[in-house]
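Engineer:
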Amino acid sequence: MSIKEYKHSLAEQIKNAHETESSTTVLGVAIGDSRYLVQMIEVSEVIQVPKITPVALTQPWFLGMANVRGKLYGVTDLGLYLGGESVAFTTKSRILLVSSDYKINSGFMVNSMLGIRGLSDFKLVKAAKKTSSAIIPRQYQDSEGRKWGEISLHDLIQDQNFLQIAR
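21 is the number of the first residue of the sequence shown in our numbering; add one for each residue after it.
1) Give me the Cβ distance between GLY169 and GLY99, rounded to the nearest whole Å; I'm assuming they're in contact under 8 Å.
2) Out of GLN180, GLU62, VAL46 and ALA186, state which residue places its alpha-carbon closest to the alpha-carbon of TYR56.
3) Which partner residues does GLU170 have in the DSSP bridge list?
4) If I follow the unbroken alpha helix (DSSP H) through PHE182, where does it start and stop?
5) Are SER106 and SER64 touching if we call contact CB-CB under 8 Å?
6) Where does GLU62 land, buried or exposed, given buried means 16+ other C-beta within 10 angstroms?
7) Under a Cβ-count criterion, where at least 16 other Cβ atoms within 10 Å of its own Cβ denotes burial, should GLN180 be classed as buried or exposed?
8) Would you tell me roughly how many angstroms separate the C-alpha atoms of LEU144 and GLY48, rounded to the nearest one?
9) Using a threshold of 8 Å, state whether the C-beta atoms of TYR93 and SER132 are closer than that.
10) Give the secondary structure of SER120 by DSSP, where H, G and I count as helix, E and B as strand, and everything else as coil.
11) Is SER163 helix, strand or coil when you go by DSSP?
12) Span of the alpha helix (DSSP H) holding LEU100?
13) Per DSSP, what kind of secondary structure is GLU62 in: helix, strand or coil?
14) Grouping DSSP H, G and I as helix and E and B as strand, with all else coil, what is ASP47?
15) Reducing DSSP to helix, strand and coil, say where LEU77 ends up.
16) My output table needs one value for SER132: the three-state DSSP class, helix, strand or coil.
17) Determine the DSSP secondary structure at SER113, reduced to helix, strand or coil.
18) Buried or exposed: THR110, going by 16 or more other Cβ atoms within 10 Å of its Cβ?
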């Protein structure tokens, strides 16, 4: 492959990556007073909050275990895990079940759903602060000027802090 062909190929790959990102479908969720986006491919299902059985000697953000159609899921208070305050959950609260492609039965409690949108509806503002690590890699702004953080469930479930639920 010549240098010219390589540059053309690279330019096509970059163009395709931008087109794919802008056509990505995301789920808007509220966690406390903050708004977040989660890529739909990372979520297998959104469910109402079932009975959650607490587990002793676990981190405060780990709410316990829930039985969802015969499978046990560990449920995490996503807001508390991200460093926010514990917020009372209501009838609007939901649990995002992680995609089965990730081979982990994990659910994340959010305060409410804000709808399904295209990532192209948002303007990339900046990379998130380094303190958020890879879990919140980018921040966006909607047409009304509201800020949204993008949460990577894939990176979250691989985070060493997340994997250590014991106190």
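Glycine included, C-beta positions come from ideal geometry on N, C-alpha and C. A quick note: this is a predicted structure, and the numbers were derived from the prediction, not measured.
Structural biologist: This is what the structure holds:
1) Translated into the one-based positions of the sequence shown, residue 169 becomes position 149. Translated into the one-based positions of the sequence shown, residue 99 becomes position 79. No, GLY169 and GLY99 are not in contact; Cβ-Cβ is about 12 Å, not under 8 Å.
2) Here the question's residue 56 lines up with position 36 in the sequence shown. If we check each option's Cα against that of TYR56, VAL46 comes out closest.
3) For this step, residue 170 is matched to residue 150 along the sequence shown. Partner(s): LEU57 and ARG158.
4) Looking up residue 182 in the sequence shown gives position 162. It spans 180–183 - the alpha helix (DSSP H) in which PHE182 sits, taken as one unbroken run.
5) On the sequence shown, position 86 is the one that residue 106 refers to. On the sequence shown, position 44 is the one that residue 64 refers to. Taking 8 Å as the Cβ cut-off, SER106 and SER64 do not qualify as a contacting pair.
6) As a position in the sequence shown, residue 62 is number 42, starting the count at 1. Counting Cβ neighbours within 10 Å, GLU62 comes out buried, since at least 16 surround it.
7) For the purposes of this step, residue 180 is taken as the residue at position 160 of the sequence shown. Exposed is the call here.
8) Translated into the one-based positions of the sequence shown, residue 144 becomes position 124. Translated into the one-based positions of the sequence shown, residue 48 becomes position 28. C-alpha separation (whole angstroms): 15 Å.
9) Taking the first residue of the sequence shown as position 1, residue 93 is located at position 73. Taking the first residue of the sequence shown as position 1, residue 132 is located at position 112. The Cβ atoms of TYR93 and SER132 lie no closer than 8 Å to each other.
10) As a working mapping, residue 120 is identified with position 100 in the sequence shown. In the structure shown, SER120 sits in a helix (DSSP, three-state: H, G or I).
11) Indexing the sequence shown from 1 puts residue 163 at position 143. Correct three-state label for SER163: coil.
12) Within the sequence shown, residue 100 is the residue found at index 80, counting from 1. The continuous alpha helix (DSSP H) containing LEU100 extends over residues 98–101.
13) Within the sequence shown, numbered from 1, the residue matching residue 62 stands at position 42. Helix.
14) As a working mapping, residue 47 is identified with position 27 in the sequence shown. One detail in the question is off: residue 47 reads as Leu in this sequence, not Asp. Under the three-state reduction of DSSP, LEU47 is assigned to strand.
15) One-based indexing of the sequence shown puts residue 77 at position 57. Here DSSP, grouped into helix, strand and coil, assigns LEU77 to coil.
16) As a position in the sequence shown, residue 132 is number 112, starting the count at 1. It is a strand residue.
17) Here the question's residue 113 lines up with position 93 in the sequence shown. SER113: coil per DSSP, three-state reduction.
18) The residue given as residue 110 occupies position 90 in the sequence shown. Looking at its Cβ environment, which holds fewer than 16 other Cβ atoms inside 10 Å, THR110 is exposed.
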